[in-house]
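Taking it in order: structure first as structure tokens, then the write-up.
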Amino acid sequence: VVRMSRNPREHIPSRNIKMDYHCKKVTIYRPQRRKEKHLREKLELTAIYVHESGKKGTEWFLLTTVTVKSEKEIEKLVQCYAHRWKIERFHFILKSGCKIEKNQAREYGRLSFLTLLYSVIAMQILNLTYLGKICPEISSGIVFVEEEWKVLCCCARKSKEIPESYSLKEAIYDLGVLGGTKGAPSDGMPGVRSIWQGLDVLYSLLAYRNYLV
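The opening residue of the sequence shown carries number 887 in our numbering; numbering runs sequentially from there.
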């Protein structure tokens, strides 16, 4: 049984569906035209075909480097794939927000290091986005140090008054304002683009403030 997330575009609610699977080990060989030393000659993969039981519906064909030894491991992999849209958002942040594809590094080792570094940043932005949806009322101090949330609050609201409490939901709304959103209540929570743009502005303000001090 796989838990499927809701699909707001097609107005499909989240639901549990029963799926059958077929699993087999496969070997993928490196193309002959690719002679790079860092590329392996072959990859040992596991192919998994899953489809909704009893009717024509959801079906996936998956390839993974993870060794599969039990039905529970297959179910875990399928559950991970069911959250692929989060992975897509991660790559969206990595490419469009961190601009990893525009990096000028040409050496494999250096590019790998920078990709790892930017991946950590992209993951933090993604975590902040969903943490604001799951736990909106927690203190912003869980994510931001005191100096960060105070500068964020004052600059986004254009006020010197510092509130006694400042929730994560309020902080994310204010990040959206710095990132270019209008901040209207009807707009809903800011998306990842507004959040990374807001963070970019926030840390520029912090750097400028520290320079003056």
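Glycine residues also receive a C-beta, built at the ideal position from the N, C-alpha and C atoms. Note that the structure is predicted; figures quoted are calculated from it, not measured.
**Where M1009 falls, given that 16 or more other Cβ within 10 Å makes a residue buried** = exposed
**Asked** Rounded to the nearest angstrom, how far is the Cβ of Y1004 from that of I986, given a contact under 8 Å?
**Response** 5 Å
**Item:** Contained alpha helix (DSSP H) runs [length at least 4] in the stretch 927-978, N- to C-terminal order
**Value:** 957-968 and 970-978
**Asked** From which residue to which residue does the alpha helix (DSSP H) around D1060 run?
**Response** Element bounds for D1060: L1054 to L1064.
**Message:** Tell me which residue opens and which closes the beta strand (DSSP E) that I914 is part of.
**Reply:** M905 to Y915
**Asked** Looking only at its own chain, which residues have a Cβ that is under 8 Å from the Cβ of E997, when we skip the five neighbours before and after it?
**Response** The residue you asked about is not Glu; residue 997 is Leu in the sequence shown. Taken in chain order, the residues that qualify are N989 and A991.
**Asked** For L1061 versus L1017, is the C-beta distance shorter than 8 Å?
**Response** no
**Prompt:** In chain order, what residues of the same chain have a beta carbon less than 7 Å from the beta carbon of C1041, not counting five sequence neighbours either side?
**Reply:** L1064 and L1091
**Item:** Beta-carbon proximity check, L1038 vs I1081, cutoff 8 Å
**Value:** I1081 sits away from L1038, with the two beta carbons spaced by 8 Å or more.
**Asked** Contact check, P1022 vs K1055 under 8 Å by CB: the rounded distance?
**Response** 4 Å
**Message:** Alpha carbons only, please: which of I1007, R919, R975 and K904 is nearest the one belonging to S939?
**Reply:** K904
**Rounded straight-line distance, which links the Cα of H969 to that of E1034** = Going from the Cα of E1034 to the Cα of H969 covers about 31 Å.
**Message:** What residue range does the alpha helix (DSSP H) around K1036 cover?
**Reply:** E1032 to R1043
**Request:** Tell whether a beta-carbon distance below 8 Å holds between Y915 and E930.
**Result:** no
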